[in-house]
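The next block holds one structure in the form of structure tokens; read it before the comments.
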Amino acid sequence: MNPKRKIAGLLRHFLLTLQLNFRSRQAIAYGYLMPVLFLLAFGSIFRSDTPLLLHEMGQLLTISILGGACMGLPTALVAERERGVWRRYRLLPVPIGQLVIGTLLARLVIVASAALLQVVLARAIYGTPLPVHPGQALVAFLFVAFAFLGLGLLVTSLANDVPAVQALGQCLFLPMILIGGVGVPLAVLPPWAQQVAGFMPGRYAVEVLQRSLSDPRGLTGAGFSLLALAIIGAASGAVGAKLFRWDSGRHADRAARAWVIVALLAWIVVGATASLTGRLQPIGPGEGTYAAITDAQLDQITYDDLPDDNDLATRLAPPFKGGAAVAGMGEFAAKLKAWPPVRVDDPGQSVRRLLSVAAIADISADLREAEIARVVFDELQARHGRARLPQILGWVILSPDEGAVVTQAPELGLRRHPAEDVVRERSALYAKKFLGRLLGKIPD
125 MNPKRKIAGL
135 LRHFLLTLQL
145 NFRSRQAIAY
155 GYLMPVLFLL
165 AFGSIFRSDT
175 PLLLHEMGQL
185 LTISILGGAC
195 MGLPTALVAE
205 RERGVWRRYR
215 LLPVPIGQLV
225 IGTLLARLVI
235 VASAALLQVV
245 LARAIYGTPL
255 PVHPGQALVA
265 FLFVAFAFLG
275 LGLLVTSLAN
285 DVPAVQALGQ
295 CLFLPMILIG
305 GVGVPLAVLP
315 PWAQQVAGFM
325 PGRYAVEVLQ
335 RSLSDPRGLT
345 GAGFSLLALA
355 IIGAASGAVG
365 AKLFRWDSGR
375 HADRAARAWV
385 IVALLAWIVV
395 GATASLTGRL
405 QPIGPGEGTY
415 AAITDAQLDQ
425 ITYDDLPDDN
435 DLATRLAPPF
445 KGGAAVAGMG
455 EFAAKLKAWP
465 PVRVDDPGQS
475 VRRLLSVAAI
485 ADISADLREA
495 EIARVVFDEL
505 QARHGRARLP
515 QILGWVILSP
525 DEGAVVTQAP
535 ELGLRRHPAE
545 DVVRERSALY
555 AKKFLGRLLG
565 KIPD
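For the sequence shown, the positions run 125 to 568 when this note's numbering is used.
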């Protein structure tokens, strides 16, 4: 066939797929109604947050993509297969694979429009800020969509009819919603559920989307999560393509279903790697409440009780001239940046663990304690931004017993293991020193 005609045919199939989608009530429900209902539900549940829904948009967009890709896509494809549509496609002078790709691209457009609808409605109804990094948000969306469309193609290949799609789709949808960090925030899940969530793509989808939407660093440091989504999507998509059936009379046999192990193996590899590298550290139930800290509360914090920067407790070196490397702390700064315990989803927990490093060095009377505290301060600003960091530091000061602190860091060369209550006390003092500098109330 002439290449131009082939492209024209694929384009026509692409547009036809979009047209048929908007004629299907189930497609509209999965693709658009469900995301809107979740948006309204989240708006009611998190109505005390400021700004409203800013820190939940990653979850909402993941739900939208998950519903459209893992429920809407297989429902449409299996319904067409039952009506004999794909048998007729076999008569076309176009490979079935190209038609499947066209269908996936059409679904990508549908899911993207649903995600955009959520962002626009959140802005219009609740005043939710627009993405901090629009370009990175698009990259994050494409990775998440790739992972979930691969899973949707796998469900299509395994399901013999539309009711089977509902059953298989719910087997993916419900666990990720309930214990996968998608519907229920990780911070309120028990530790065992947080560990299980590390084996599911939903956790990584929420992380990369939320980073691009609200984190000043954007996708910096999210390489593992992006790789996890790519691996899961590639494994699921490859198995789904291998098992794809165009005839409703052909059912998936045991040999075909055995290929599912390949797709599940990708989940296991991702989760095991995350666990071994310390990325699945439990997040305490109090974390995330920093968002409720107001400017008035920050103004009420006083700094009269702080020791001097050169005293025995909470020593702090002056700003480095020429960077940490020039000051002889470059190696420590690099280790701290890559330290797994601080590479967690919740910014509040990340800040507490960074403060714990300064506290441990101070309590241990490390020869570099003042310089370590300065490196921690620099890393806090680089990792969380000067706009959001005061709120989190204020939470640490006003709620010193919330969240979880680190009491040992041998990977950073800190060998002592001080008591938790002392680490909390020094962490709060360092938080005051850092907050005072950020607000201009303490000269730096």
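Heads up, the beta-carbon is just placed ideally off N, CA and C, and yes, glycines get one too. In this text, all values refer to a predicted model and were calculated from it rather than measured experimentally.
Work out the CA separation of residue j and residue i for me, nearest whole Å.
{"i": "Gly304", "j": "Gln183", "result": "11 Å"}
{"i": "Gly402", "j": "Ala552", "result": "25 Å"}
{"i": "Arg507", "j": "Ala451", "result": "20 Å"}
{"i": "Phe575", "j": "Ala494", "result": "Not covered by the structure: residue 575. The range shown for the chain is 125 to 568."}
{"i": "Leu350", "j": "Ser338", "result": "17 Å"}
{"i": "Ala365", "j": "Leu313", "result": "35 Å"}
{"i": "Val520", "j": "Ala352", "result": "32 Å"}
{"i": "Leu228", "j": "Leu241", "result": "20 Å"}
{"i": "Val394", "j": "Ala264", "result": "18 Å"}
{"i": "Gly342", "j": "Ala261", "result": "8 Å"}
{"i": "Ser523", "j": "Ile356", "result": "39 Å"}
{"i": "Ser281", "j": "Met300", "result": "21 Å"}
{"i": "Val268", "j": "Asp433", "result": "46 Å"}
{"i": "Gly259", "j": "Asp470", "result": "22 Å"}
{"i": "Glu535", "j": "Trp463", "result": "8 Å"}
{"i": "Ala569", "j": "Gln473", "result": "Only positions 125 to 568 of the chain appear in this structure, which leaves residue 569 out of reach."}
{"i": "Arg247", "j": "Val320", "result": "33 Å"}
{"i": "Leu245", "j": "Gly196", "result": "21 Å"}
{"i": "Gln424", "j": "Ala398", "result": "40 Å"}
{"i": "Arg214", "j": "Arg374", "result": "15 Å"}
{"i": "Cys295", "j": "Phe272", "result": "14 Å"}
{"i": "Gly251", "j": "Leu163", "result": "13 Å"}
{"i": "Val468", "j": "Gln405", "result": "7 Å"}
{"i": "Leu422", "j": "Gly293", "result": "46 Å"}
Can you have a look at residue i and say buried or exposed, based on whether 16 or more other CB atoms are within 10 angstroms of its CB?
{"i": "Arg207", "result": "exposed"}
{"i": "Leu577", "result": "In the structure as shown, the chain begins at 125 and stops at 568. Residue 577 is therefore absent and cannot be evaluated."}
{"i": "Ser336", "result": "buried"}
{"i": "Leu460", "result": "buried"}
{"i": "Cys194", "result": "buried"}
{"i": "Thr438", "result": "buried"}
{"i": "Trp316", "result": "exposed"}
{"i": "Thr186", "result": "buried"}
{"i": "Phe146", "result": "exposed"}
{"i": "Ser168", "result": "exposed"}
{"i": "Ile385", "result": "exposed"}
Could you spell out where the alpha helix (DSSP H) holding residue i opens and where it closes?
{"i": "Ile487", "result": "471 to 487"}
{"i": "Leu553", "result": "544 to 562"}
{"i": "Pro314", "result": "Pro314 -> no alpha helix (DSSP H), and no H or E assigned at all."}
{"i": "Ala396", "result": "384 to 400"}
{"i": "Lys366", "result": "347 to 366"}
{"i": "Asp419", "result": "419 to 423"}
{"i": "Ala165", "result": "158 to 169"}
{"i": "Ser338", "result": "325 to 338"}
{"i": "Met181", "result": "181 to 191"}
{"i": "Ser281", "result": "258 to 282"}
{"i": "Glu204", "result": "197 to 206"}
{"i": "Tyr250", "result": "220 to 250"}
{"i": "Met300", "result": "286 to 302"}
{"i": "Pro514", "result": "493 to 522"}
{"i": "Leu460", "result": "454 to 462"}
Skipping 5 residues on each side, what residues in its chain have a beta carbon closer than 7 Å to that of residue i?
{"i": "Gly454", "result": "Ala448"}
{"i": "His541", "result": "Thr531, Gln532"}
{"i": "Asp568", "result": "Pro443, Arg561"}
{"i": "Val546", "result": "Ile487"}
{"i": "Leu504", "result": "Val475, Leu478, Leu513, Phe558"}
{"i": "Tyr427", "result": "Lys556, Gly560, Lys565, Ile566"}
{"i": "His137", "result": "Leu223, Gly226"}
{"i": "Asp371", "result": "Arg211"}
Skipping 5 residues on each side, what residues in its chain have a beta carbon closer than 6 Å to that of residue i?
{"i": "Ala346", "result": "Val332, Arg335"}
{"i": "Leu150", "result": "Residue identity check: residue 150 is Gln in the sequence provided, not Leu. Once the five neighbours on either side are set aside, the close Cβ partners of Gln150 are Thr199."}
{"i": "Gly191", "result": "Tyr154, Met158"}
{"i": "Ile417", "result": "Gln515, Gly518, Trp519"}
{"i": "Val481", "result": "Val500, Ala533"}
{"i": "Gly410", "result": "Its pLDDT being 47, under 50, Gly410 is placed unreliably in this model, and the value from its coordinates should be taken loosely. Correct list, in chain order: Glu526, Gly527."}
{"i": "Leu135", "result": "none"}
{"i": "Met324", "result": "Met300, Gly304"}
{"i": "Ala458", "result": "none"}
{"i": "Glu497", "result": "Per the sequence shown, the amino acid found at residue 497 is Ala instead of Glu. The answer, listed in chain order, is Leu440, Ala482."}
Looking only at DSSP bridge pairs, what is residue i linked to?
{"i": "Ala533", "result": "Leu538"}
Within the same chain, show all residues whose beta-carbon is closer than 8 Å to that of residue i, passing over the 5 residues directly before and after it, in chain order.
{"i": "Val286", "result": "Thr199, Val202, Ala203, Glu206"}
{"i": "Leu142", "result": "Ala230, Val233, Ile234"}
{"i": "Trp383", "result": "Val363, Lys366, Leu367"}
{"i": "Ala543", "result": "Thr531"}
{"i": "Leu254", "result": "Val243, Arg247"}
{"i": "Ala236", "result": "Phe265, Ala269"}
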